[in-house]
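Numbering (the working numbering), first residue to last: 1 to 309.
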């Protein structure tokens with residue numbers, strides 16, 4: 001049974017190549033392994049609201065991922081499918097429930113094909129008539145015994161098979177095929193490794209009440225240059241957390257244009273968390289630090305003091 005093929009917002013999902021192809025222009029956009037699985041899952045449940053836990057379980061199964069992995073994958077899908085993140089016409093965010101793929105943008109292109117039934121194989125065996133063998137038998141019996149030579153006279157010399165080396169061009173072809181197969185396997189492994197997102201802890205033990213994790217591909221090197229932009233803010237927040245007997249965990253993922261920043265504040269009796277997406281964050285560093293400090297302080301003030309027993 002071959003899997004049915006669907007298009008979403010005029011983008012055809014091609015499972016074999018791990019990409020989406022525009023039905024009109026033919027443009028090809030590659031997707032990561034989990035982005036492809038996420039889109040496939042949304043297509044299978046088009047028109048149905050799936051919670052974050054359901055999507056995480058279906059797509060990443062039992063893997064340990066960061067809190068922002070699903071949000072980043074949804075953001076990447078919207079960009080690939082040309083779905084405006086503000087209007088959300090194709091993939092909608094249902095507040096406090098999850099995500100929903102609008103069925104009106106989902107179109108069946110190629111239905112499921114049943115390849116189990118195949119035409120009966122045509123036999124190439126030709127049945128020879130028995131009369132041929134009868135004639136040969138009669139001819140053998142008609143040969144006089146005295147015309148048969150002695151055994152050593154009818155022994156034919158055994159032909160010697162010569163072993164010829166392969167031509168140079170054929171040897172080169174085999175070598176090139178082996179190289180291509182090896183390179184292809186390495187590229188497939190490297191591509192899958194690039195899709196694996198891990199949480200890398202930054203600046204361990206620098207803050208007494210804060211832990212910072214950078215979400216990045218498994219093959220990326222440790223890099224805390226982006227963290228230096230809001231390092232001073234974290235130092236001030238650490239003092240506020242100490243005064244309130246609270247702890248904070250930060251997860252961030254940065255590229256040239258977008259900073260995805262999520263933090264969670266915990267005390268002995270309550271917790272608060274917030275996920276932010278900051279666009280063009282590298283332009284104004286003062287505005288960036290003010291935003292992070294202000295939102296974190298706001299969430300910290302929303303936590304009521306714990307009652308001492």
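We treat Cβ as the ideally placed atom computed from N, Cα and C, and that holds for glycine.
Because the structure is a prediction, the values reported are computed rather than measured.
Measuring CA to CA, which of 174, 92, 217 is closest to residue 254? Here residue 254 refers to the residue found at position 254 of the chain shown. Ranking 174, 92, 217 by Cα distance to residue 254 puts 217 first.
Return yes when the Cβ of residue 246 is within less than 7 Å of the Cβ of residue 267, no when it is not. Within the chain shown, the letter at position 267 stands for residue 267. Within the chain shown, the letter at position 246 stands for residue 246. Cβ atoms of residue 267 and residue 246: closer than 7 Å.
Return the residue from the list 273, 13, 35, 168 that minimises the CA-CA distance to residue 28. Here residue 28 refers to the residue found at position 28 when the chain shown is read from its first residue. For the residues 273, 13, 35, 168, the minimum Cα distance to residue 28 belongs to 13.
For residue 280, which residues in the same chain have their Cβ closer than 7 Å to its Cβ, ignoring the five residues on either side in sequence? Mapped onto the chain shown, residue 280 falls at position 280. Once the five neighbours on either side are set aside, the close Cβ partners of residue 280 are 257.
Whether or not the segment 62 to 69 and the segment 8 to 26 are in contact is what I'm after, with contact meaning three or more pairs of Cβ atoms, one per stretch, closer than 8 Å; do they touch? no
For residue 214, count the other beta carbons within 10 Å of its own beta carbon; 16 or more makes it buried, fewer makes it exposed. Which is it? Counted from its first residue, the chain shown places residue 214 at position 214. The residue is buried, with at least 16 neighbouring Cβ atoms inside 10 Å.
Is the beta carbon of residue 38 less than 7 Å from the beta carbon of residue 73? As a first step, residue 38 is located in the chain shown; it is residue number 38 there, counting from the start. As a first step, residue 73 is located in the chain shown; it is residue number 73 there, counting from the start. Yes.
Of all the alpha helix (DSSP H) runs that stay within the bounds of the segment 43 to 81, which reach a length of 4 or more residues? 52 to 60, 69 to 80
For residue 253, which three-state DSSP category applies? The residue you call residue 253 lines up with position 253 of the chain shown. If DSSP states are grouped into helix, strand and coil, residue 253 belongs with the strands.
Look at the Cβ atom of residue 249, then the Cβ atom of residue 264, and state whether they are nearer than 7 Å. Mapped onto the chain shown, residue 249 falls at position 249. Mapped onto the chain shown, residue 264 falls at position 264. In contact: residue 249 and residue 264 (Cβ atoms closer than 7 Å).
Start and end of the beta strand (DSSP E) containing residue 292? Numbered from 1 along the chain shown, position 292 holds the residue referred to as residue 292. Run containing residue 292: none in the beta strand (DSSP E); it sits in the alpha helix (DSSP H), 285 to 302.
Beta-bridge partners of residue 106, as assigned by DSSP: Mapped onto the chain shown, residue 106 falls at position 106. Beta-bridge pairing links residue 106 to 8.
From the DSSP output, read off the bridge partner residues of residue 19. For the purposes of this step, residue 19 is taken as the residue at position 19 of the chain shown. Beta-bridge pairing links residue 19 to 14, 30.
Would you list the one or two residues that DSSP bridges to residue 200? For this step, residue 200 is matched to residue 200 along the chain shown. DSSP output for residue 200 lists 214 as bridge partner(s).
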